[in-house]
Amino acid sequence: VGHGTLRWNQTEVITAPSVYFGRGNATGVLEVPAGGQFLLGTAAAPITNLRIAYNDALHGTATAHLDFSQTNPTFTAFIASDLSIGRETGATGGGVTVANGSLTLGSNSSLTLGSAAAPAALNIGWSQNTNFASGANGRATGVFDALEAGAVLELNLSELNVGRGSTFGVGHGALRWKYGRSSRSGAA
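Numbering (this note's numbering), first residue to last: 113 to 300.
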């Protein structure tokens, strides 16, 4: 079982194809102080994927809860392809995979997912397990809390999944959305 904590307060932008918090059988923690900054990608060079509580280890539990409302740092993310919150990809024979994740925005948060030319997927609580060998199963729980009125969102979506299950997996998702927000979606 892995456990990692990133304590971050830098003005540098993190650039990586994929950024994970709580991947596999692990817990991921992000700590950003009040007045701090956490910057993922740029408009010109977005990261490809942000995955929070993403279990691709075939067993165990992935856990991560990123809450920017507590210390309200500057959080800016540009994501090109996929934002997944609480997602498991399948269990081994007799195994159980679990993912439990959340993302809560603060008033200093700005998130851009996809673009008009290249929409992205937003997955909240997705269990992809299709294996039932020896009773294998999966569970995924995800919460995306965008209730903070000051948070800025631009969602250009090809797909929106809030609670998505599979043959032998159960997905639970919650999207908390402030009235008046808008997004574009090709499939929901």
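Glycine included, each C-beta is placed from N, C-alpha and C at the ideal position.
- If you look at L217, you'll find it isn't in any beta strand (DSSP E); DSSP assigns it neither H nor E.
- In the three-state reduction of the DSSP assignment, A146 falls in the coil class, being assigned neither a helical nor a strand state.
- The stretch 224-232 makes no contact with the stretch 163-183: fewer than 3 CB pairs, one atom from each, lie closer than 8 Å.
- DSSP places S181 in the coil class of the three-state scheme, outside both helix and strand.
- Its chain contains L151 and S222 as the residues whose beta carbon lies nearer than 6 Å to that of T188, once the 5 sequence neighbours on both sides are disregarded; these appear in chain order.
- Measuring C-alpha to C-alpha distances from R163 to each of P145, N184, D194 and Q149 identifies D194 as the nearest.
- Annotation: the continuous beta strand (DSSP E) that includes S130 extends over S130 to R135.
- Around P129, the same chain offers I159, T160 and N161 as residues with beta carbons nearer than 8 Å, after the five sequence neighbours per side are excluded.
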